[in-house]
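Novice:
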Amino acid sequence: MLSEISSGKVMIFLAFLMGLSLSPCSACLARPVHLNLPFVTIWNAPTQHCQDRYQVDLDLRVFDIVRNKNQSFIGKEVTIFYNTDLGFYPYYTENGTAVNGGIPQNASLKDHLSKAKENIEAAILNSDFQGVAVIDWENWRPLWVRNWDKMKIYIDKSIELVKDQHPDWPLDLVTWEAKHEFEQAGRDFMEETLKLTKRLRPMGLWGFYGFPNCYNFEYKNASVNYTGECPKITMQRNDELQWLWNQSRALYPQIYLEKELKMSDNALKFVRHRVQEAFRVAQQTVNGSLPILPYARIVYAFTMDFLAEEDLVHTIGESAARGASGIILWGNKDYSESQESCLAVKGYIDRTLGQYIINVTKSTVLCSHVLCSGNGRCVRKEHVSRAYLHLNPMSFRIKKDPDGLDYILQGELAKEDIAKMADDFRCQCYCGWEGTDCKVKTSLYSVLKDPPNVGSYDFFP
392 MLSEISSGKV MIFLAFLMGL SLSPCSACLA RPVHLNLPFV TIWNAPTQHC QDRYQVDLDL
452 RVFDIVRNKN QSFIGKEVTI FYNTDLGFYP YYTENGTAVN GGIPQNASLK DHLSKAKENI
512 EAAILNSDFQ GVAVIDWENW RPLWVRNWDK MKIYIDKSIE LVKDQHPDWP LDLVTWEAKH
572 EFEQAGRDFM EETLKLTKRL RPMGLWGFYG FPNCYNFEYK NASVNYTGEC PKITMQRNDE
632 LQWLWNQSRA LYPQIYLEKE LKMSDNALKF VRHRVQEAFR VAQQTVNGSL PILPYARIVY
692 AFTMDFLAEE DLVHTIGESA ARGASGIILW GNKDYSESQE SCLAVKGYID RTLGQYIINV
752 TKSTVLCSHV LCSGNGRCVR KEHVSRAYLH LNPMSFRIKK DPDGLDYILQ GELAKEDIAK
812 MADDFRCQCY CGWEGTDCKV KTSLYSVLKD PPNVGSYDFF P
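The opening position of the sequence shown corresponds to residue 392 in the working numbering, with each subsequent residue numbered one higher.
#1: Would you mind working out which of 483, 762, 650 sits nearest residue 543, comparing C-alpha positions?
#2: Check this for me: beta carbons of residue 854 and residue 552, under 8 Å apart or not?
#3: Rounded to a whole number of angstroms, what is the C-alpha to C-alpha distance between residue 791 and residue 750?
#4: Compute the distance between the beta-carbons of residue 720 and residue 436, then report whether it is under 8 Å.
#5: I'd like the ranges of any alpha helix (DSSP H) spanning at least 4 consecutive residues and lying wholly in the stretch 742-773.
#6: So for residue 666, helix, strand or coil by DSSP?
#7: Does the stretch 491-510 come close enough to the stretch 561-581 that 3 or more CB-CB pairs lie under 8 Å?
#8: Considering residue 634, what are the terminal residues of the alpha helix (DSSP H) in which it resides?
#9: Using 8 Å as the threshold, is the stretch 682-698 in touch with the stretch 637-652, meaning 3 or more CB pairs across them?
#10: Starting from the C-beta of residue 624, find all residues in its chain whose C-beta is less than 6 Å away, skip the five residues before and the five after it, and write them out in chain order.
#11: Pick out whichever of 777, 794, 424 has its Cα sitting closest to the Cα of residue 596.
#12: Whole angstroms are fine: how far does the CA of residue 799 sit from the CA of residue 698?
#13: Let's test the definition: count the other Cβ atoms within 10 Å of the Cβ of residue 785 and tell me whether it reaches 16, buried, or not, exposed.
#14: List, from N- to C-terminal side, the alpha helix (DSSP H) runs of 4 residues or more that fit wholly inside the stretch 515-580.
#15: Whole angstroms are fine: how far does the CA of residue 802 sit from the CA of residue 732?
#16: Taking just the CA atoms, how far does residue 588 sit from residue 531?
#17: Need the endpoints of the beta strand (DSSP E) that residue 818 sits in, please.
#18: Between which two residues does the beta strand (DSSP E) harbouring residue 788 extend?
#19: Curious, which full-length beta strand (DSSP E) runs of at least 3 residues does the stretch 661-736 contain?
#20: For the beta strand (DSSP E) that contains residue 432, what are its first and last residues?
#21: If you count every other CB in all the chains shown that lies within 10 Å of the CB of residue 536, and 16 or more means buried, which is it?
#22: State the Cα-Cα distance for the pair residue 670 and residue 683, rounded to the nearest angstrom.
#23: Under a three-way DSSP split, which group does residue 489 fall into?
#24: List the endpoints of the continuous beta strand (DSSP E) containing residue 470.
#25: Can you tell me the Cα-Cα spacing of residue 729 and residue 712, whole angstroms?
#26: Alpha carbon to alpha carbon, how far is residue 776 from residue 677?
#27: Could you pull the DSSP bridge partners for residue 599 from this structure?
#28: Could you spell out where the beta strand (DSSP E) holding residue 446 opens and where it closes?
#29: Check this for me: beta carbons of residue 664 and residue 714, under 8 Å apart or not?
#30: Is it the case that the stretch 553-566 contacts the stretch 505-514, given that we only count it when at least three CB pairs across the two stretches are under 8 Å?
#31: So, at 6 Å on beta carbons, what are the nonlocal neighbours of residue 520 in its own chain, with the 5 sequence-adjacent residues on each side left out?
#32: In the DSSP assignment, what residue or residues form a beta bridge with residue 832?
#33: So, at 6 Å on beta carbons, what are the nonlocal neighbours of residue 472 in its own chain, with the 5 sequence-adjacent residues on each side left out?
#34: Pull up the distance between the alpha-carbon of residue 758 and that of residue 812, whole angstroms please.
#35: By DSSP, does residue 800 sit in helix, in strand, or in coil?
#36: Flag this pair as yes or no: are the beta carbons of residue 748 and residue 432 separated by less than 8 Å?
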């Protein structure tokens with residue numbers, strides 16, 4: 392009976408309805424994930440010890456950075472579940488010890504989901520949670536062929552399992568069956584986990600860290616003319632993960648820069664095509680409007696060397712210009728391991744990172760309002776261009792207010808600024824709006840009383 396439908400199920404239905412587009416290729420965008428900002432930068436680093444232990448206040452509030460209370464990994468804005476945090480994820484330790492069966496076909500999906508339910512309800516108390524929710528499972532990959540190097544143990548153990556069950560089978564048949572069983576069980580673990588998360592916390596932006604991948608690492612080969620493009624075979628294999636994209640509520644590709652990419656064209660190519668691949672697979676999903684929030688770092692991978700401003704452009708700036716919903720700045724405990732490291736992070740935020748974030752965030756807002764009526768994002772007309780959503784320094788100044796608690800943007804768009812925006816960018820409307828300037832509501836919303844708020848598409852309170 393209708394009276395017996397739970398509010399949670401109604402929310403799921405509304406979320407589904409709001410996410411629908413007229414076709415998988417309708418090219419509408421997911422609505423803003425925070426306070427109607429077209430682009431938001433999210434701090435996802437456990438830096439609470441900087442304040443607790445060393446009295447170094449990073450004070451991220453002065454910037455357009457969403458961060459959890461106490462700057463922890465779990466909170467109402469951002470929650471990340473690692474392999475030991477969610478259910479009974481099967482994997483092997485570095486010394487080859489099986490945990491929870493080791494391979495997914497040896498594990499109990501029922502027990503996993505039961506435990507995962509407990510974990511989610513304990514970690515996210517609010518059933519109306521509307522934040523970023525990332526599952527970080529990196530021990531094995533759902534496609535058989537992508538389990539190489541340390542992950543080869545999952546192939547070997549899968550083959551061993553089938554051999555034990557069918558000792559008289561030829562190796563090619565054993566391998567075929569092992570591949571089938573592994574991929575099916577791996578899919579079940581990932582797919583059913585996402586279904587569970589959406590039942591329990593239906594408005595969360597659930598997705599897996601590092602998906603989709605692009606495997607565009609050819610810059611390591613000096614003999615190759617590096618283009619940054621994802622190999623065709625990679626894109627074909629990503630298409631095999633359609634089930635994963637369809638169940639995701641957001642995509643979280645990874646765009647960490649290694650030191651050898653510092654301040655180079657290769658850095659731009661590397662990031663550009665990884666972000667582009669996320670948009671490609673998102674457009675093939677049932678609603679075609681998944682938020683894209685790349686994972687980036689403020690340091691070069693495996694170092695504590697901060698990104699040059701040029702590489703902030705290559706990561707944050709590139710993501711914003713392409714139409715991403717935002718970017719997640721991930722960091723580990725190295726940021727807060729000492730007073731020295733805390734002061735270094737604070738200095739980088741105060742001198743470089745914070746001002747660049749303000750620049751990009753304000754520019755995306757201005758462009759959205761000027762070109763898209765506030766109902767869409769500005770997206771590059773040409774993917775290969777180097778147009779960015781940056782404030783013109785001749786028109787704007789960013790300065791700290793007298794009490795030191797906030798930054799103030801001074802200035803206004805000149806006619807030349809607007810003309811340049813219109814030359815370089817076009818509007819991609821949020822789902823529910825259409826037209827070159829996103830002023831027209833689509834028929835999808837004509838049946839709803841208050842379209843912008845139904846389903847709570849302002850994902851953060």
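We treat Cβ as the ideally placed atom computed from N, Cα and C, and that holds for glycine.
Computed from a prediction, not measured in an experiment: that's the story for all the values here.
Specialist: Well, looking at it:
#1: 483
#2: Here the chain covers residues 392 to 852 and nothing more, so residue 854 does not appear.
#3: 13 Å
#4: yes
#5: 745-763
#6: helix
#7: yes
#8: 633-638
#9: yes
#10: none
#11: 424
#12: 24 Å
#13: exposed
#14: 543-556
#15: 35 Å
#16: 20 Å
#17: 816-820
#18: 787-791
#19: 717-721
#20: 431-435
#21: exposed
#22: 7 Å
#23: strand
#24: 469-472
#25: 36 Å
#26: 29 Å
#27: 526
#28: Element bounds for residue 446: n/a, residue is neither H nor E.
#29: no
#30: no
#31: 592, 595
#32: 824
#33: 526
#34: 7 Å
#35: strand
#36: yes
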